[in-house]
C-alpha cells in the first residue's frame, strides 16, 4: 500500500471541499468557529471539574461562601448561586455543543488519505481486559483514575477537617466517636452528591453531549454503571454512619421518622436510600442476567430516588447535581414522545438457529449508521419492557425500512417467536394479511449510535463476532458493499470477519447477505475473508438441507406505512437543539417566576418543599416550554413525510417491499450470490495466531478491530488479540484499534 492512514487523522471531510485543492473560505470559517467552540467547551469542562476538586478543601469552603455572598442577591437567591456554580457549566457546554453541531451541518462523506504512520489512540487502546470494569481503554483508565483520585483526595481533606473540629471541642470519648460518625456521614453525603452530578449524563440516550464527543449510548452506559456504584457506595456509607451514631445515642427510631421543615428531612432520605439500594442490588450481574425484568422494573425507582433525595436535602444542596438530572429529564420526555407512535412491522421472519428478523418502516429522512441500536417494545408482550437490539441493515439498503435480528434467548424473545409463528400459520391458513399484521404492535426508540460511521475510517478492518453478535456486522458489510458499488467514499479495502458460533444452523445468517447483487464483482475492489468457527460440532451436517430447516416467514407490508419518529436518535439537529435550549431557558424563567410570585412573597422556607418545587420546575419547564417545540417538530416531520410520498410515489414503496419479500420469503440467497466463507468445526479462533498472521500480511497500517458478542469474547480479544499485539508490536507492524459494539445493561 502506498498510503497509510493515521487513526488520529480525521478521515471524513466535506465532499465539496475535496473537489477543490484549496478549501473555500466558508469551510475555513466553519473550521475556525468549531475550533473556538471546542476550546470553549474544554475550558468550561475543566473549570467545572476543578470546582468539584476544590470543594473538599478549606479553599473550596471559602470559594463557596464568597460566591454565594456575591450572587445571592439575585431573584434566585442562594439556590440560584449554587446552581450557577455547580450545574450551570454543564448547561453552558450543552449550548456550545448545540452551536458546534449546527455549524457543522450535514455533510457528505469524503475520505481523506494520509501518508503518516499509524499511531495509537487512547480511546481504542485497551490496557485492562479482566477485572471489575471489563475491557478498559487508556482514555477510560485515565477517567477512572481521576475519579479514584478525587474520592481519595476528598476523603483525606474531609477527614482532616473533621479531626480539626474534634480537636477544638471538649467531649467524652464516646461523644467524640458519635460526633466523628456524624461528621463523616456528612462528608460521605457530599462526595455522593458530587458523583451524582455526573451520574445521569451518560444515560441520556439522545444527549447532545454524547453526539459532540461521538460516544454511543451503549458505550456510555458503562460509565453510568461505574458512577452508579460509586455514588450509591458513598450514600450507603452516609446512611450507615448516621444509623450507628443514632443507635449509640438511643434515638434511632425517632431520628429516622423525622421530617422537619427547616434543615434536613430525615425520612425522605431513608426512602431515597432504600430505593437506591433496591436498584443497586438488582444491577448485580447474577440478578440482572438471570432476571432482567426484575432489574428493569426495579430500576424505574430512580424517580423515587431523585424526588425523595430533593425532599431530603432541600433545593440549594440538590442544585449541586441538578444540571445532569435536568438534562436527563429533557432527554426522557423526548423519548416518551417518540415512543408513543406505533411503528409498522413490514415483515416478521423466523430464521433457523433461533433468530427472528423484524423489518420496520421508517421515514427516508431518519438517518442512522450501520452500527446503531434501537430500543423495541412489543405491546402484545409487555407494555413496559424495552429491549435494545443492533440494527442489521445498512442505511443504504432501503430508504424507508430498518431491520433488526433478535436471538431467542429468554422469555420475552421466546414469546415473540411464538407470536410470529402464530402469525405465519394464521396467514397461511386464512390468507388474511391485515389480521396477521394487527397482532404485532411495535414502538421504537432510536436509532442511537455513532454520528460518524467509524467502520469506514479504517482501510483494514477485522470484525470479530460471537453468536448473534454477527447482526451488526451484516449491516457493516452491506454498508461497505453498497458504498463500493455506488462509487461513494469507502475506505475499507481489506476486511476479515471472524465468527464463532455453537452450531451450524446459525450459518444461514451469512447467506442472507447478497454480495454479488449488492456489488457485482466486489472481489476486484474488496478483499473480504470470512472465517466461521463452529465450536460444538466436530463435523459438518450430513445433509446441507438441515441448515435451512425450520424457516417460517410472515410478511405483512403496510398500505401507507407508519414509520419511526425522527424525534430521537440522529434526528434533525436544529429541532433537537431548539428543544433543549427552550427547555433550559424555560427552566430559568419558571424558577424566576416561582421566586417572584410565590416563594419570596409567601416566605416559603421549608427545605423539603423548596426541593420539591425545584424538581417540579424541571419537569414543568420541559413540558410547557419544550412541548410546543416537540409539537412543531412533529408537524414538520409529518409534512416532510407527506412530501416524500408525493415525490417518490407509491411505486417506490411497492418495489422495495416486493424486492425484500422476494429476498426473504425463502430466506435463501442463491449460492452464486451468497457470501462465501470457510468453516472450522470443533475449533475456537486462536486470536494470537490470527493477529500475528494479519500483522505479517497487512504490514505497517492502522487496523480497526470491532468485536460484538458475549463478555467472554470481548475480554479475550484485548488480552490475546488487539491489545496483546499492540504491546508486542514490532517495527513495520500494524496498530490495532479496539472497538466494542456489545450492549450490556
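In the working numbering, the protein residues as written are 8 to 752. All C-beta atoms, glycine included, are put in the ideal place defined by N, C-alpha and C. Model, not experiment: these values are computed from the prediction.
Determine which residues share a DSSP beta bridge with residue 164 and list them. Residue pairing by DSSP places residue 164 in no beta bridge whatsoever.
So the candidates are 228, 546, 743 and 106; which of them puts its Cα closest to the Cα of residue 580? In this structure, 106 is the residue among 228, 546, 743 and 106 with its C-alpha nearest to the C-alpha of residue 580.
For residue 287, I'd like the list of residues in its chain whose CB is within less than 6 Å of its CB, leaving aside the five on either flank, ordered along the chain. So the list reads 239, once near-sequence residues are dropped.
Backbone CA spacing between residue 35 and residue 285 [nearest angstrom]: Between the alpha carbons of residue 35 and residue 285 lies a gap of roughly 53 Å.
Per DSSP, residue 253 forms a beta bridge with which residues? According to the DSSP secondary-structure assignment, residue 253 is paired through a beta bridge with no residue.
Output the distance between the C-alpha atoms of residue 611 and residue 329, rounded to the nearest integer angstrom. If you take the alpha carbons of residue 611 and residue 329, they lie about 20 Å apart.
Where does residue 684 sit, in a helix, a strand or coil, going by DSSP? Three-state result, residue 684: coil.
Does the distance from the CB of residue 540 to the CB of residue 499 come in under 8 Å? In this structure, residue 499 does not lie closer than 8 Å to residue 540 by Cβ.
Is there contact between the segment 400 to 411 and the segment 356 to 374, where contact requires at least three CB pairs shorter than 8 Å? Counting Cβ pairs under 8 Å, three or more are found: they touch.
Do three or more CB pairs link the segment 505 to 524 to the segment 681 to 692 at distances below 8 Å? The segment 505 to 524, when compared against the segment 681 to 692, does touch it at the 8 Å Cβ threshold.
Return the chain-ordered list of same chain residues with a C-beta closer than 8 Å to the C-beta of residue 747, the five sequence neighbours on each side being excluded. Answer for residue 747: 142, 226, 713, 714, 715 and 721, listed in chain order.
Is residue 461 buried or exposed, if buried means 16 or more other CB atoms sit within 10 Å of its CB? That one is buried.
Count the other CB atoms within 10 Å of the CB of residue 665; is the residue buried (16 or more) or exposed (fewer)? Residue confidence is low: residue 665 scores 42 on pLDDT, short of 50, so the model does not pin down where it sits. No coordinate-derived value is stated.
How far does the beta strand (DSSP E) with residue 486 in it reach, from first residue to last? No beta strand (DSSP E) contains residue 486, which is instead part of the alpha helix (DSSP H) from 477 to 493.
Report the partner residues of residue 384 according to the DSSP bridge assignment. For residue 384, DSSP records a beta bridge to 450.
Kindly provide the ranges of any alpha helix (DSSP H) runs that are 4 or more residues long and lie completely inside the segment 136 to 208, ordered along the chain. Secondary structure within the segment 136 to 208: the alpha helix (DSSP H) runs of 4 or more consecutive residues, fully enclosed, are 145 to 174 and 180 to 206 (chain order).
Quick one: measure Cβ to Cβ for residue 308 and residue 272, integer angstroms, because I've assumed they're closer than 8 Å. In fact, because the Cβ distance is near 19 Å, the residues do not count as touching under 8 Å.
Anticipated Cβ contact below 8 Å, residue 457 with residue 223, distance rounded: Separation of the CB atoms of residue 457 and residue 223 is rounded to 5 Å, and the pair is thereby assigned contact status at 8 Å.
If you reduce the DSSP assignment to three classes, tell me which class residue 506 lands in. Here residue 506 carries a strand assignment [DSSP, helix/strand/coil].
How about residue 473 and residue 717: are their beta carbons less than 8 Å apart? Result yes, Cβ atoms of residue 473 and residue 717 sit closer than 8 Å.
How is residue 722 classed by DSSP in three states: helix, strand or coil? Helix.
At the 8 Å Cβ level, is residue 363 part of the contact set with chain D, yes or no? Looking for chain D here will not work: only one protein chain is present.
Mapping the DSSP letters down to three states, classify residue 534 as helix, strand or coil. Strand.
Of the choices 594, 627 and 467, whose alpha-carbon is the least far from that of residue 702? That would be 467, whose Cα lies nearest to the Cα of residue 702.
Starting from the C-beta of residue 200, find all residues in its chain whose C-beta is less than 6 Å away, skip the five residues before and the five after it, and write them out in chain order. Cβ neighbours of residue 200 beyond the five flanking positions: 327 and 328.
Cβ neighbour criterion (16 or more within 10 Å) applied to residue 253: It counts as buried.
Nearest residue (CA-CA) to residue 62, options 582, 93 and 280: Considering only alpha carbons, the answer is 93.
Just the Cα atoms here: how many angstroms apart are residue 305 and residue 237? Approximately 19 Å, taken between the alpha carbons.
Please state the DSSP three-state secondary structure of residue 356. Strand at residue 356.
Residue range of the alpha helix (DSSP H) that includes residue 585: Per DSSP, the unbroken alpha helix (DSSP H) holding residue 585 starts and ends at 580 to 601.
8 Å contact criterion, which residue 485 and residue 520 should meet: CB distance rounded: Indeed, because the Cβ distance is near 6 Å, the residues count as touching under 8 Å.
Name the DSSP bridge partner or partners of residue 501? The bridge partners DSSP lists for residue 501 are 467 and 534.
With a threshold of 6 Å on Cβ separation, who are the neighbours of residue 340 within its own chain once the five nearest residues in sequence on each side are excluded? For residue 340, the CB contacts under 6 Å within the same chain, skipping 5 residues up- and downstream, are 629 in chain order.
Every unbroken alpha helix (DSSP H) inside the segment 88 to 114 [4 residues or more]: Counting only runs that start and end inside the segment 88 to 114, the alpha helix (DSSP H) elements of at least 4 residues fall at 95 to 111.
Could you round the C-beta distance between residue 705 and residue 501 to whole angstroms and report it? I think they count as a contact, below 8 Å. In this structure, residue 705 and residue 501 form a Cβ contact; the two beta carbons are roughly 6 Å apart against a cut-off of 8 Å.
Mind checking residue 297: buried by the 16 CB within 10 Å criterion, or exposed? Counting Cβ neighbours within 10 Å, residue 297 comes out exposed, since fewer than 16 surround it.
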